Amino acid sequence: MKKIIAILAIALFIVSCGGGKKGEITLPSSTGNTNRILVVMKGTDWIGKPGDEIRRVFGEHQVGLPQPETLLSVSQIDPSGFGSFVKNNKAVLLFQKADTADISVIKNKYAAPQVIVVATAKNEEEMINLIQTRGKEIIQIFKDEDIKAIQNIFHKERIDHTQLATVKNLGIDITIPKRYRLVQDTLNNFLWMRQRLQSGIARGDGTNNILIYSVPLTSEDSIVDNITKVRDSIGEKFIPGSKEGMYMITEKAYAPFTYETQIDNKKAYETRGKWEVKNDFMAGPFLNYTVVDKKNNRLVIFEGFTFAPAVNKRDFVFELEAIGKSLKIKE
Numbered sequence: 001m002k003k004i005i006a007i008l009a010i011a012l013f014i015v016s017c018g019g020g021k022k023g024e025i026t027l028p029s030s031t032g033n034t035n036r037i038l039v040v041m042k043g044t045d046w047i048g049k050p051g052d053e054i055r056r057v058f059g060e061h062q063v064g065l066p067q068p069e070t071l072l073s074v075s076q077i078d079p080s081g082f083g084s085f086v087k088n089n090k091a092v093l094l095f096q097k098a099d100t101a102d103i104s105v106i107k108n109k110y111a112a113p114q115v116i117v118v119a120t121a122k123n124e125e126e127m128i129n130l131i132q133t134r135g136k137e138i139i140q141i142f143k144d145e146d147i148k149a150i151q152n153i154f155h156k157e158r159i160d161h162t163q164l165a166t167v168k169n170l171g172i173d174i175t176i177p178k179r180y181r182l183v184q185d186t187l188n189n190f191l192w193m194r195q196r197l198q199s200g201i202a203r204g205d206g207t208n209n210i211l212i213y214s215v216p217l218t219s220e221d222s223i224v225d226n227i228t229k230v231r232d233s234i235g236e237k238f239i240p241g242s243k244e245g246m247y248m249i250t251e252k253a254y255a256p257f258t259y260e261t262q263i264d265n266k267k268a269y270e271t272r273g274k275w276e277v278k279n280d281f282m283a284g285p286f287l288n289y290t291v292v293d294k295k296n297n298r299l300v301i302f303e304g305f306t307f308a309p310a311v312n313k314r315d316f317v318f319e320l321e322a323i324g325k326s327l328k329i330k331e
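Quick note: the sequence shown, position 11, residue 11 per UniProt numbering, numbers continuous.
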């Protein structure tokens with residue numbers, strides 16, 4: 001009887017650890033929130049110059065937000081404490097001593113989804129130099145993985161595109177979670193959807209909003225100069241305020257930041273800034289992706305904007321970024 005019980009216990013352990021395929025092991029779910037990383041570094045380094053450099057590089061403010069918020073939130077633990085459930089953190093920056101200064105990436109080692117960036121250096125001087133020269137690269141690694149994780153979650157709960165006239169008419173594909181509700185979907189190819197922020201990955205009071213539309217491509221040289229003009233004309237036409245003469249515009253006192261990027265392997269422009277309602281006190285951050293669709297001689301535009309008074313907004317905008325970056329133009 002004892003042998004039978006032992007065999008059953010072993011079998012149960014194998015089943016609980018086994019994956020969908022023979023020989024695979026099911027990893028535990030990772031812990032930790034979006035845009036937050038765990039730095040594994042000696043306490044003496046953390047309170048010294050290497051830690052100061054991490055706080056400087058990783059503490060840079062995200063552009064386009066009303067209040068100062070860092071690109072990433074960072075916490076630290078000594079290597080001696082990096083064990084047990086702490087290893088299940090979804091985003092880890094692990095410092096180790098080695099003869100060569102470099103970084104490497106390990107995915108899903110202790111949990112899933114998980115990314116561990118291993119940073120090696122010979123001494124304190126090399127460690128500081130590594131953070132200075134490759135800090136932005138490390139930040140982008142963590143942010144890209146967070147985007148993928150959010151997109152995977154949203155893909156499992158995406159809305160039915162066949163119900164959205166604008167998405168169908170524009171010939172695009174985009175992953176929008178079901179928690180977004182339709183505000184407007186016109187035959188003029190303009191879509192507005194809204195999510196109440198009481199649920200989801202990022203939570204708080206207020207709303208996240210999505211706009212999708214297109215305009216003709218007249219000249220590639222004037223795209224950047226016209227991004228604000230186009231969004232202001234869309235705001236006047238489709239995004240009204242509470243009274244006549246009120247509508248959404250780009251905030252006059254804050255110049256947006258525009259960067260060249262790629263969406264669906266196509267040339268695009270990312271613009272971050274702040275919106276406001278003309279003649280009113282409503283305001284917040286926006287994120288705009290203007291995608292150059294040369295084949296169809298048009299610009300396909302995704303915009304997300306947040307209204308969440310008196311709370312931090314970085315993670316709300318990050319959700320919108322994940323949705324915007326899922327946009328694909330069907331060939």
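Positions of the beta carbon are idealized from the N, C-alpha and C atoms, including for glycine.
Values in this document were obtained by computation on a predicted structure and should not be read as measured data.
Open item on the list: Please classify Glu-125 as buried or exposed, where buried requires at least 16 other C-beta atoms within 10 Å of its C-beta.
Closed with: Stepping through the sequence shown from its first residue, residue 125 is reached at position 125. The residue is exposed, with fewer than 16 neighbouring Cβ atoms inside 10 Å.
Task: For Ala-121, the first and last residue of its enclosing beta strand (DSSP E) - done: If you number the sequence shown from 1, residue 121 lands on position 121. Counting along the chain, the beta strand (DSSP E) containing Ala-121 begins and ends at 115 to 121.
Task: For Ser-75, the nearest candidate out of Pro-68, Phe-190, Gly-59, Ser-84 (CA to CA) - done: Numbered from 1 along the sequence shown, position 75 holds the residue referred to as residue 75. Looking at the Cα atoms, Gly-59 is the closest of the given residues.
- [ ] With a floor of 3 residues, list each beta strand (DSSP E) that falls wholly inside the region 203 to 275, ordered by position along the chain.
- [x] 207 to 216, 248 to 250, 257 to 263
Open item on the list: Contact between the region 227 to 243 and the region 312 to 330 is defined here as three or more beta-carbon pairs at a separation below 8 Å; is this criterion met?
Closed with: no
Open item on the list: Using a 10 Å radius around the Cβ and a threshold of 16 neighbouring Cβ atoms, would you call Asn-279 buried or exposed?
Closed with: Counting from one through the sequence shown, the residue named residue 279 turns up at place 279. So Asn-279 counts as exposed.
Open item on the list: Between which residues of its own chain and Phe-142 is the CB-CB distance below 6 Å, once the five residues before and five after are set aside?
Closed with: What you label residue 142 is simply residue 142 of the sequence shown in a count that begins at 1. Excluding residues within five positions, the ones whose Cβ falls inside 6 Å are Ile-37, Ala-91.
Task: Outcome for Ile-147 when other beta-carbon atoms lying within 10 angstroms are tallied against a minimum of 16 - done: In the sequence shown, residue 147 corresponds to position 147, counting from 1. The residue is buried, with at least 16 neighbouring Cβ atoms inside 10 Å.
- [ ] Look up Asn-108 in the DSSP assignment and say whether it is helix, strand or coil.
- [x] In the sequence shown, residue 108 corresponds to position 108, counting from 1. Correct three-state label for Asn-108: coil.
Task: Other residues of its chain near Asp-264: CB distance less than 8 Å, five sequence neighbours each side excluded - done: The count along the sequence shown starts at 1 and reaches residue 264 at position 264. So the qualifying residues of the chain are Val-291, Leu-327, Lys-328, Ile-329.
TODO: Could you round the C-beta distance between Ala-283 and Trp-275 to whole angstroms and report it? I think they count as a contact, below 8 Å.
DONE: In the sequence shown, counting from the first residue as 1, residue 283 sits at position 283. In the sequence shown, counting from the first residue as 1, residue 275 sits at position 275. Confirmed, Cβ separation roughly 6 Å.
Open item on the list: At 4 residues or longer, what runs of the alpha helix (DSSP H) sit wholly inside the region 113 to 191?
Closed with: 124 to 156, 165 to 170
TODO: To the nearest angstrom, report how far apart Ile-201 and Ala-101 are at their CA atoms.
DONE: Against the sequence shown, residue 201 aligns to sequence position 201. Against the sequence shown, residue 101 aligns to sequence position 101. At Ile-201, the pLDDT of 47 sits below 50, so the modelled position is not reliable and the matter cannot be decided from this model.
TODO: Find out if the Cβ-Cβ distance for the pair Arg-158, Ile-176 is shorter than 8 Å.
DONE: Taking the first residue of the sequence shown as 1, we reach residue 158 at position 158. Taking the first residue of the sequence shown as 1, we reach residue 176 at position 176. Their beta carbons are under 8 Å apart, which means Arg-158 touches Ile-176 by this criterion.
Open item on the list: For a quick check, are the C-beta atoms of residue 333 and Val-63 less than 8 Å apart?
Closed with: For the chain, the structure presents residues 1 to 331; residue 333 sits outside this window and is missing.
- [ ] Kindly indicate which three-state DSSP category Pro-28 falls into: helix, strand or coil?
- [x] Locating residue 28 in the sequence shown gives position 28, counting from the first residue. Three-state result, Pro-28: coil.
Open item on the list: Please state the DSSP three-state secondary structure of Ala-310.
Closed with: Along the sequence shown, read from residue 1 onward, the residue named residue 310 stands at position 310. Three-state result, Ala-310: coil.
Task: Proximal residues to Arg-298 (C-beta, below 8 Å), its chain only, five neighbours per side dropped - done: Residue 298 sits at position 298 when you count from the first residue of the sequence shown. Hits under 8 Å: Ser-214, Val-215, Pro-216, Leu-217.
TODO: Give the C-beta separation of Asn-108 and Gly-32 to the nearest angstrom, bearing in mind that I take them to be a contact with Cβ-Cβ under 8 Å.
DONE: Taking the first residue of the sequence shown as position 1, residue 108 is located at position 108. Taking the first residue of the sequence shown as position 1, residue 32 is located at position 32. That belief does not hold up - the Cβ atoms of Asn-108 and Gly-32 are roughly 14 Å apart, past 8 Å.
Open item on the list: Does chain B have any CB closer than 8 Å to the CB of Pro-177?
Closed with: Included in the structure is just one protein chain, with no chain B present.
- [ ] Would you grab the beta carbon distance between Ile-131 and Val-57 for me? Rounded to a whole angstrom, and I think it's under 8 Å.
- [x] For this step, residue 131 is matched to residue 131 along the sequence shown. For this step, residue 57 is matched to residue 57 along the sequence shown. Yes, they are in contact, since the Cβ atoms of Ile-131 and Val-57 sit about 6 Å apart, within 8 Å.
TODO: Measure the Cβ-Cβ separation of Thr-250 and Arg-272 and say whether it is below 8 Å.
DONE: Counting from 1 along the sequence shown, the entry for residue 250 is found at position 250. Counting from 1 along the sequence shown, the entry for residue 272 is found at position 272. Contact flag unset, no.
TODO: Less than 8 Å between the CB atoms is what I'm expecting for Ile-323 and Phe-154, so what's the real figure, rounded?
DONE: Here residue 323 refers to the residue found at position 323 when the sequence shown is read from its first residue. Here residue 154 refers to the residue found at position 154 when the sequence shown is read from its first residue. Between Phe-154 and Ile-323 the Cβ distance is about 7 Å, and since that is below 8 Å, they are a contact.
- [ ] For Pro-285, count neighbouring C-beta atoms within 10 Å of its own C-beta (all shown protein chains included) and say buried if the count is 16 or more, exposed if not.
- [x] Position 285 of the sequence shown, counted from the first residue, corresponds to residue 285. It counts as buried.
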